[in-house]
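Residue numbers (our numbering): -12 to 124.
Next comes the structure, spelled out in structure tokens:
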């Protein structure tokens, strides 16, 4: 980040090294802060493979997102990255698997909106931009 911006590395969000993310607060105009989170969530193995580990890891991502959103107040949140949830229909907010359903619930519980409206990989929307303020996009 250019040194012309006021930036804070948000250390208290990261609690598990298996979650690949970076969290920053960047001061914008009018004393408004933008919390930016960059994510990479590895692709899931096929159903039935490492199911318990996958659920545990997914829960770690969700816990981190909840910590990152907590206390943001009226500031803007932008979460960007490769989330790798191929089974989510973002228009309907629907899925056929438990892991993806828990992520949809996290998005809804935190009043986030997914703003990418086209597929990003092989007919699926895997790269997401989630925000609490769509006008920021």
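Every residue, glycine too, gets a C-beta built ideally from N, C-alpha and C.
Could you give the residue range of the alpha helix (DSSP H) that holds residue i?
| i | result |
| --- | --- |
| residue 125 | Absent from the structure is residue 125, since the part of the chain shown begins at -12 and ends at 124. |
| residue 96 | 85 to 96 |
State yes or no: is the C-beta of residue i within less than 7 Å of the C-beta of residue j?
| i | j | result |
| --- | --- | --- |
| residue 27 | residue 69 | yes |
| residue 86 | residue 102 | no |
| residue 0 | residue 51 | yes |
| residue 75 | residue 22 | no |
| residue 100 | residue 121 | yes |
| residue 24 | residue 8 | yes |
| residue 57 | residue 20 | no |
| residue 6 | residue 42 | no |
Assign residue i to buried or exposed, taking buried as 16 or more other Cβ atoms, counted over all protein chains shown, within 10 Å of its Cβ.
| i | result |
| --- | --- |
| residue -6 | exposed |
| residue 66 | buried |
| residue -8 | exposed |
| residue 55 | buried |
| residue 118 | buried |
| residue 64 | buried |
Determine the extent of the beta strand (DSSP E) in which residue i is found, giving its start and end residues.
| i | result |
| --- | --- |
| residue 68 | 63 to 69 |
| residue 121 | Counting along the chain, residue 121 falls outside any beta strand (DSSP E), and DSSP gives it neither H nor E. |
| residue 102 | Residue 102 -> no beta strand (DSSP E), and no H or E assigned at all. |
| residue -4 | -6 to -4 |
DSSP on residue i, reduced to helix/strand/coil?
| i | result |
| --- | --- |
| residue 16 | helix |
| residue 1 | coil |
| residue 81 | strand |
| residue 25 | strand |
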